[in-house]
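Contents: one structure, followed by commentary.
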Amino acid sequence: MADDKALSLNNGLPAIRNWAKEKFVGKEAGKGLSDNNYSASEKSKLAGIAAGAEVNVQADWTVIDTGSDAYIKGKPTSMPADGGNAATVGGHTVAVDVPAGAVFTDTKPVTMKGATASAVGAAGYAPSPAAGAQGKYLRGDGTWQTPPNTTYSAATQSANGLMIAADKKKLDGFQEAANYALKTDIAGVYHYKGSVANEAALPTTNISVGDVYSIEAKSSYGPAGANVAWTSDKTWDNLGGNFTIDFATAAEVSAILNA
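Heads up: the sequence shown begins at 294 in the numbering used here, then just goes up one per residue.
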């Protein structure tokens with residue numbers, strides 16, 4: 294007797310097709326099923342709407358499309374200012390010119406004062422850098438200076454330093470650590486050793502854990518073709534065997550679908 298059954302193109306699948314036709318409605322282009330059912334109250338509401346009725350639209354001042362229902366006709370293009378002029382605003386005289394060259398003494402710029410080894414500097418505007426000084430930096434003493442040159446040696450096994458190109462190329466050749474397996478991770482893999490005619494022909498000496506044999510004949514481990522592996526308990530463990538598949542008939546498929 295078969296362990297399982299498969300569908301046949303000649304009778305099994307046609308049985309499913311015929312069953313589906315009887316149970317379900319065919320799909321029509323442009324239409325579909327939904328949960329939005331047409332209720333009696335909605336039908337009554339629709340019947341109460343007169344033919345040619347239009348929806349009221351709220352007028353909108355900002356709408357400029359003359360074809361829109363929200364467009365306001367005859368509105369002015371601009372609003373005239375008619376408030377007149379005032380001599381003072383908030384107690385201050387209006388329309389009084391500021392004399393040419395006037396300087397507000399409380400906002401006069403002050404250049405920063407650089408620090409020294411013994412004196413603290415003072416806050417202020419940074420001095421202007423000279424032409425060609427675009428690569429310099431403003432130092433604490435208030436002057437623009439060239440950054441000091443710092444060099445590093447290549448790293449060694451005993452000293453920190455920069456990585457050389459050859460080491461970088463070698464490092465890029467490796468994948469993430471999670472993609473590699475340790476020797477301890479692969480110690481328990483199976484090793485296929487071949488097949489034997491029957492159970493009695495399985496080896497009893499020179500066997501290692503993970504050795505796998507296929508038994509050609511039916512045995513206590515299963516049907517013909519069963520695979521067994523040698524375990525750390527010094528026994529053979531069944532890994533599985535062959536099984537037979539028959540085709541399901543139309544009657545069997547129909548019985549399952551209509552159950």
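Positions of the beta carbon are idealized from the N, C-alpha and C atoms, including for glycine.
Quick caveat, the model's predicted, so the values are computed rather than measured.
Beta-carbon spacing of residue i, residue j below 8 Å
i	j	result
Val546	Gly323	no
Met405	Ala416	yes
Gly407	Gly433	yes
Glu509	Ala522	no
Asp353	Ala344	no
Asn499	Gly515	no
Ala419	Leu431	yes
Helix, strand or coil at residue i [DSSP, three-state]
i	result
Ala459	helix
Ser512	strand
Val489	strand
Asp526	coil
Lys406	strand
Asn551	coil
Val346	According to the sequence provided, residue 346 is Ala. The question's Val does not apply to it. Three-state DSSP puts Ala346 in coil, outside helix and strand.
Gly533	strand
Ala470	helix
Ala447	strand
Ser334	helix
Asp362	coil
Lys314	helix
Leu475	coil
Ala412	coil
Leu495	coil
Ala340	helix
Asp353	coil
Ala452	coil
Residues sharing a beta bridge with residue i, DSSP
i	result
Tyr506	Gly487, Val521
Gln554	The requested residue 554 is not part of the displayed model; the chain covers only 294 to 552.
Thr381	Thr386
Leu300	Ala541
Tyr418	Thr404
Where residue i falls, given that 16 or more other Cβ within 10 Å makes a residue buried
i	result
Tyr506	buried
Trp529	buried
Ala308	buried
Ala541	buried
Ala519	buried
Ser525	exposed
Asp358	exposed
Asp539	exposed
Asp504	buried
Ser512	buried
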